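Number of protein chains: 2
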Amino acid sequence: MPQNTSHNRRQLLASRPHGAPTTENFRLETTALPKASDGQLLLRTVYLSLDPYMRGRMSDAPSYSAPVELGEVMTGGAVSKVVESQHADFKPGDWVVASTGWQDYSAVDARNVQKLQGEALKHPSLGLGVLGMPGFTAFMGLLDIGQPKAGETVVVAAATGPVGSLVGQIAKIKGCKVIGIAGGPDKCRYAVEHFGFDRCLDHHNGLLAEQLKHACPDGIDVYFENVGGAVFDAVLPLLNTKARIPVCGLISRYNATSLPQGEDRLPLLAATLLRKRIRMQGFIISLDYAHRYSEFAQQMGEWFAADKIKFREDIVDGLENAPQAFIGLLEGKNFGKLVVRVGNDQD
Amino acid sequence: MPQNTSHNRRQLLASRPHGAPTTENFRLETTALPKASDGQLLLRTVYLSLDPYMRGRMSDAPSYSAPVELGEVMTGGAVSKVVESQHADFKPGDWVVASTGWQDYSAVDARNVQKLQGEALKHPSLGLGVLGMPGFTAFMGLLDIGQPKAGETVVVAAATGPVGSLVGQIAKIKGCKVIGIAGGPDKCRYAVEHFGFDRCLDHHNGLLAEQLKHACPDGIDVYFENVGGAVFDAVLPLLNTKARIPVCGLISRYNATSLPQGEDRLPLLAATLLRKRIRMQGFIISLDYAHRYSEFAQQMGEWFAADKIKFREDIVDGLENAPQAFIGLLEGKNFGKLVVRVGNDQD
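Taken in order, these protein sequences are the chains called A and B. Per the working numbering, the first sequence runs over residues -14 to 332. Per the working numbering, the second sequence runs over residues -14 to 332.
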C-alpha cells in the first residue's frame, strides 16, 4: 500500500537489535491520520532521511539522546509538504523540514518546523543532505573544530556520503590536499572525479594503512572522524603535530556488541594526543551548533548557487523499504545521501 | 665531592632504560669548567629541577623533543647564579633560570637565559615550581584548554605535585569543586589541609573508581590529565557532557614497555568523546604557550603576592643523588616539587 490520503503508515521499533539490525526489529503499522490542533501543522512526508545516528536510537544504552521506545515510531528528519495549517506562518503546499519520523503523516507544533528556503526549494530532498543536517555537520565540524589551513592534508572517510563528500569539497575550497576513503572502486573514482578529492582509497582492499601512508607523505593535519575502526587505526600513526580530529560519528562500531580483544590501545591514543599535541573533540551538530545555523545556511547557499558544491543522492522508494535501506546504510551499501521517497514529490 | 669552583660534575646518560630507569643508566663525570665566550654566561647550578618529562628524553622513541644522546649530559631546567658574564644585561651574582642540565656549571648564550624576577627572587627554587614551568603548565592547561566555570567539578591527580597542586588551587580560585588524587593518606590530607582541595582520594587503596564516583556526584567537568592509567580509567565513566581534558602528562605509563592486554578500549574512548561531546587535547607548555608566558607571570605573581598560592618542595641535596631522586619521582616517592640542591644557595 503506497502513501494515501486516508491512512497513516508508520515504521515502529518492534524490538531492539543485538548487533546489526534486521527487518524483524521494525514493524509497519497503519493507523488513522493524526489531527493538527491549534498552532500545529499536518504534514505529509515526502522524503525521509536515513542517517547512521539512528542506530543509536534503537538501543537503550546511555547516549546523548533518549532511545526510541519499543512500539514507537522511529525518529528521523524528513522533508514534508504542509497539508493543513493551524498556524499563520504556514499554508498548505509549503515545503518544510522537521523531525517527524518514519511515517506518512505527522501533526507537529509549527515552532518545531523549518520552511525550506533558497536553493533547497529547487531540490527539496537536499534539505536532508548538503543543505541540511549532514551539510551543517560537515561545515561546522571541519571549519570550527578542524580549522583547516591552505596546504594542509585533510582525510575523511565515507567520502561519497553526504558528510564526507562535503568535508572534502569544503577542504578543497580552503586550499587543502584532500584524501578520501570509501568502500569500493566505483565510490573512490566518483570521489575524485565528481567531488574533486585529490585521491580516494578503497578500504575494501586490505591495504588501507599502507596506501594512506603513501597518499599522505606530509602526514595528516585534519582527520574528520565519521567511521572509526580500521580507518582510524590507519590514520593514527600518520597524524601530525597539532593535528585536529573532529569526531561526528563512528559508524564502523555502531553494530558492535563488544570491544575488540588484544592490546588496550587507549593509552596509545592518549600518548599520541600528548606527544603530538592533538585536539580530538566530539560534537553533535544539533546540540553544539544550533545557534550558528545561519552561518552555514548563508555560506553554503552561496557556494551552492555558485555551483561549487556537488552532491549525490541514493533515493529508495517507499516507506516499506526504509528498514532494509537503513540496514544497508550501516553496511556501506548506499552510494550517496540515502533518502527514502515516502510519497509523491510532484503535487 | 660536593660542588666546587675548579671542576664541573655532570650526570650523563650512560645507557637507555628498558622500563623503569636504574642508577646504572646514569654516570657521574668530572670535567674542567666550561668557558663563557662572547655573549655567553658562565652559570653555577644551585637548584636542578627533576620532572617526569625527562623520562621521555632518556628513550630514543619518537617524541616531540630529541632524546638525550648516550654519553651526553641529562637535560633539565635549573636555577643558577651567574659566575661570569660576557653579556651586558647580566652580572655576577644574578639569579637566573635556564635549561642547563644535570651539572654544576654551564656556559650558555645569554639569550637562552631568563632572570628570576619578582616573588621568585625571594625564593629562587620556586622558579622551577609554581613560578616556573610546572606552574605555567597548570595555569595554561587548566585555564586555556580546561576552561573551568564556577560550580563545575575539576579532578586532578598528583595532587601534591607542582602541577596538580596548582591546578587545584587555581580551580578553587575559579569557584570549582576540586577533587584531588594522590598516593597515600599523608599526601591526601595535605592536599585538603594545605592546598584547599575539597577532597583528595588515595589511589593506593584499590578503591579509587568507587570513591571517585562517590566524590563526584555531579560528574566531572574538567579532568586535568597528568598521570593516565588507573586514574584515567576511574575518570572515564564519570565525565560529563562537554567535559574538557587537557593532557599534559601520562606519568603512570612512562616506564611501560608494552600496552596492557585485554579489551582494546581505544574505540570506547572515541565513543565517549563523541557521545559526550568532549574535548581532549594534548599540550607541551614550552611549545604551545611560550608566547603567553607574560599572562602567567603577571597573574601568578599577583596571586602569589596575595598569599593565595601555597606550595611544597621536596629538596634533595647533591647532584650525585639526582638519579635516585628521579627514579623515585617516577614511582611517586616525592612529596611536593622535587628539586635537587646542587650547590650552595646562600652565597
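Cβ coordinates follow ideal geometry from the N, Cα and C atoms, glycine included. Note that the structure is predicted; figures quoted are calculated from it, not measured.
Who are the near neighbours of residue i in its chain, counting only those whose CB is closer than 6 Å to its CB and skipping five residues on each side?
i        : result
A/Lys159 : Pro133
B/Ala105 : Leu111, Gly112 and Leu116
B/Tyr49  : Ile269
A/Leu18  : Asn(-7) and Tyr90
B/Thr122 : Val148, Cys233 and Ile270
A/Asp206 : Glu137, Thr138, Asn225 and Ala228
B/Asp36  : none
B/Gly204 : Leu223 and Asn225
B/Ala21  : Leu27, Glu69, Gln71 and Ala92
Which residues does DSSP list as the beta-bridge partners of residue i?
i         : result
B/Gly165  : B/Val141 and B/Cys185
B/Phe311  : According to DSSP, B/Phe311 bridges with nothing at all.
A/Val232  : A/Glu210 and A/Gly267
B/Ala92   : B/Leu27
B/Glu248  : A/Gln246
A/Asn(-7) : A/Thr16
B/Ile205  : B/Leu224
B/Tyr32   : B/Val64 and B/Arg326
B/Arg11   : Note on residue identity: the sequence assigns Phe, not Arg, to residue 11 of chain B. For B/Phe11, which the question treats as bridged, DSSP gives the partners B/Leu(-2).
By the criterion of Cβ-Cβ separation under 8 Å, what are the contact partners of residue i in chain B?
i        : result
A/Ile263 : Gln266 and Gly267
A/Val232 : Ala255, Leu258 and Leu259
A/Gly131 : Those within 8 Å of A/Gly131 in chain B number zero; the least Cβ separation is about 13 Å.
Terminal residues of the continuous beta strand (DSSP E) containing residue i?
i        : result
A/Ile130 : Note, A/Ile130: premise wrong, no beta strand (DSSP E); not H, not E.
A/Ala63  : Gly62 to Ser70
B/Tyr38  : Where B/Tyr38 is concerned, there is no enclosing beta strand (DSSP E), given that its DSSP letter is neither H nor E.
B/Val327 : Premise fails: B/Val327 is in no beta strand (DSSP E) and is neither H nor E.
B/Glu54  : It is not in any beta strand (DSSP E) - B/Glu54 carries neither H nor E in the DSSP assignment.
A/Asp299 : Glu298 to Asp302
Alpha carbons only, please: which of the options is nearest the one belonging to residue i?
i        : options                                     : result
B/Lys172 : B/Leu(-2), B/Glu298, B/His(-8) and B/Gly303 : B/Glu298
A/Ile166 : A/Arg1, A/Phe209 and A/Asn225               : A/Phe209
A/Gly214 : A/Phe182, A/Leu193, A/Cys161 and A/Ser237   : A/Ser237
B/Lys261 : B/Gly247, B/Ala275, B/Lys227 and B/Val232   : B/Lys227
B/Pro6   : B/Lys162, B/Ser22, B/Phe311 and B/Lys20     : B/Phe311
A/Gly4   : A/Tyr278, A/Leu259, A/Gln331 and A/Ser243   : A/Ser243
B/Pro119 : B/Tyr38, B/Pro47 and B/Lys107               : B/Tyr38
A/Ser34  : A/Ser84, A/Asp74 and A/Ala156               : A/Ser84
B/Tyr239 : A/Ala256, A/Glu178 and A/Asn240             : A/Ala256
A/Arg326 : A/Glu287, A/Arg12, A/Gln102 and A/Asp302    : A/Asp302
A/Val67  : A/Leu304, A/Leu26 and A/Leu192              : A/Leu26
B/His199 : B/Ala219, B/Val212 and B/Gln284             : B/Ala219
Where does the unbroken alpha helix (DSSP H) through residue i begin, and where does it stop?
i        : result
A/His274 : The question names His, but residue 274 of chain A is Tyr in the sequence shown. From DSSP, A/Tyr274 is part of no alpha helix (DSSP H); its letter is neither H nor E.
B/Val220 : Gly214 to Val220
B/Asp79  : That residue, B/Asp79, is in no alpha helix (DSSP H); it is neither H nor E in DSSP.
B/Leu151 : Pro147 to Ile158
A/Gln102 : Per DSSP, A/Gln102 belongs to no alpha helix (DSSP H) and is neither H nor E.
A/Pro170 : Pro170 to Glu178
B/Phe281 : Tyr278 to Ala290
A/Lys198 : Leu193 to Ala200
Please list the partners that residue i has in chain A, where partner means a Cβ-to-Cβ separation under 8 Å.
i        : result
B/Thr226 : Tyr49
B/Leu235 : Pro252, Ala255, Ala256 and Leu259
Residues of chain B with a CB under 9 Å from the CB of residue i: which are they?
i        : result
A/Phe217 : Leu251, Pro252 and Ala255
In chain D, which residues lie less than 8 Å from residue i when you measure between Cβ atoms?
i        : result
A/Leu244 : Here chain D cannot be found, since the structure's protein chains are A and B.
Can you find the residues in the same chain that come closer than 7 Å, C-beta to C-beta, to residue i, ignoring five residues on each side of it along the sequence?
i        : result
B/Gly328 : Gln(-12), Arg29, Thr30, Val31 and Asp89
A/Gly86  : Val58, Met59, Thr60 and Gly61
B/Gly24  : Gln71, His72, Asp94 and Ala95
A/Ile130 : Arg229, Pro231, Gln266 and Phe268
B/Gly114 : Gly120, Pro147, Phe296, Glu298 and Lys322
Apart from the five residues just before and just after residue i, which ones in its own chain have a Cβ nearer than 8 Å to its Cβ?
i        : result
B/Lys144 : First, the amino acid is wrong: residue 144 of chain B is Ala here, not Lys. Ser150, Gly153, Gly165, Ile166, Ala167, Lys172, Cys173, Ala176, Phe180, Phe182 and Cys185, listed in sequence order.
A/Asn10  : Leu(-2), Ala(-1), Ser0, Arg1, Pro2, Met43 and Pro308
B/Ala241 : Gly4
B/Val98  : Leu26, Leu28, Phe75, Val81, Val82 and Ala83
Which residues in chain A sit within 7 Å of residue i, going by Cβ to Cβ distance?
i        : result
B/Asp273 : Arg262
B/Gly213 : Pro252 and Ala255
Starting from residue i, find everything on chain A with Cβ-Cβ shorter than 9 Å and list it in chain order.
i        : result
B/Arg238 : Pro252, Ala255 and Ala256
Compute every distance between the C-beta of residue i and the non-hydrogen atoms of the ligand COA, then say whether any falls below 7 Å.
i       : result
B/Gly62 : Absent from the structure shown: the ligand COA. Ligands present: none.
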